[in-house]
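A.B. asks:
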Amino acid sequence: MVITRRAASRRPGPSRGRGVVAAGALALLLGACGGPVEVAAPALDAESAAACDELLGALPDDLAGLEPREVSPADAPARAWGEGLVLTCGVEEPPLFRELIAPSCDEIVGVGWFFPPADLESEDGPVTGTTIGYRPRVEVLVPDEYRGGVSFTALSELAAPITEHLELVQRCR
7 MVITRRAASR
17 RPGPSRGRGV
27 VAAGALALLL
37 GACGGPVEVA
47 APALDAESAA
57 ACDELLGALP
67 DDLAGLEPRE
77 VSPADAPARA
87 WGEGLVLTCG
97 VEEPPLFREL
107 IAPSCDEIVG
117 VGWFFPPADL
127 ESEDGPVTGT
137 TIGYRPRVEV
147 LVPDEYRGGV
157 SFTALSELAA
167 PITEHLELVQ
177 RCR
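Okay, so the sequence shown: first residue is 7 according to the numbering used here, each after it adds one.
#1: Would you report the Cα separation of E163 and L69, rounded to the nearest angstrom?
#2: For D51, is the classification buried or exposed, using 16 other Cβ atoms within 10 angstroms of its Cβ as the cut-off for buried?
#3: Can you give me the Cβ contacts of C178 inside the same chain, cut-off strictly under 7 Å, excluding the 5 residues immediately before and after it?
#4: What are the start and end residues of the alpha helix (DSSP H) that includes L164?
#5: Quick check: what's the CA-CA separation for R136 versus V97?
#6: In terms of residues, what are the limits of the alpha helix (DSSP H) holding A52?
#7: What residue does the alpha helix (DSSP H) around E127 start on, and which one ends it?
#8: List the endpoints of the continuous beta strand (DSSP E) containing C178.
#9: What is the residue span of the beta strand (DSSP E) that I114 lies within?
#10: Could you name the residues that DSSP lists as bridge partners for R104?
#11: Checking the sheet assignment: what are the DSSP bridge partners for A84?
#12: Assuming P83 and L62 form a contact by the criterion Cβ under 8 Å, report the distance between their Cβ atoms to the nearest whole angstrom.
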C-alpha cells in the first residue's frame with residue numbers, strides 16, 4: 007500500500023490488538039474457502055444501523071475490479087469482495103489507537119484512515135484500515151494479496167459512499 011504516514015509514538019502499555027489481528031486472519035481464511043465470508047457483526051444502536059444501511063446500499067457491486075461475496079451472518083453490516091476484502095460498518099475504535107501519542111491518519115480521497123503501524127511496517131499480511139473522523143466508523147480488511155494498487159483503488163472507490171452517507175465528526179489531523 008502506498009501511503010504517506012506521519013510518525014507515531016507509542017505510549018507504554020500492553021498491546022490489545024493481537025485478538026483483532028487473529029480474528030481478521032481467521033475471517034480471511036474462512037473467506038478464501040469459497041463460501042460466505044465470516045464477519046464479526048458489531049452491535050449497533052438504531053442511529054448507527056440506519057447510517058450503515060444507507061452506506062451499504064450505496065456501495066458498488068464490484069470494488070477495485072473484485073466481484074462481490076456473501077457475508078455471514080447475512081444481516082451483518084458488512085460487505086465483501088474477491089478473496090476476503092471486507093468492509094464492516096459500525097466498528098469500535100481500533101485497538102492501539104488510544105495507545106499512540108500521535109496516531110497516524112492517512113487521507114485517501116478525503117477520508118482519514120487509521121492503519122496500525124505494524125500493518126504498514128510489515129510488507130506482507132493483511133492490513134486493516136479504520137475511518138477516523140466518520141461516524142459510524144468503517145473498517146476495511148485488506149488481505150495480503152490485495153496490498154498495493156488494489157487496496158488503494160478500493161479505498162478510493164469507497165470514499166464517495168463514506169463521505170455521502172456517514173457523518174464527518176473530525177477531519178484527519
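Just so you know, even glycine gets a beta-carbon here, dropped at the ideal spot from N, CA and C.
Note that the structure is a prediction, hence the values are computed from the model and not measured.
C.D. replies: Let's see:
#1: 7 Å
#2: exposed
#3: C111, E113, G118, I138, G139
#4: 155 to 171
#5: With the sequence shown as reference, residue 136 is identified as Thr, and Arg is not the correct amino acid for it. C-alpha separation (whole angstroms): 8 Å.
#6: 52 to 64
#7: 123 to 127
#8: From DSSP, C178 is part of no beta strand (DSSP E); its letter is neither H nor E.
#9: 112 to 114
#10: Looking at the DSSP assignment, R104 forms no beta bridge with any residue, so it has no partner.
#11: T94
#12: 6 Å
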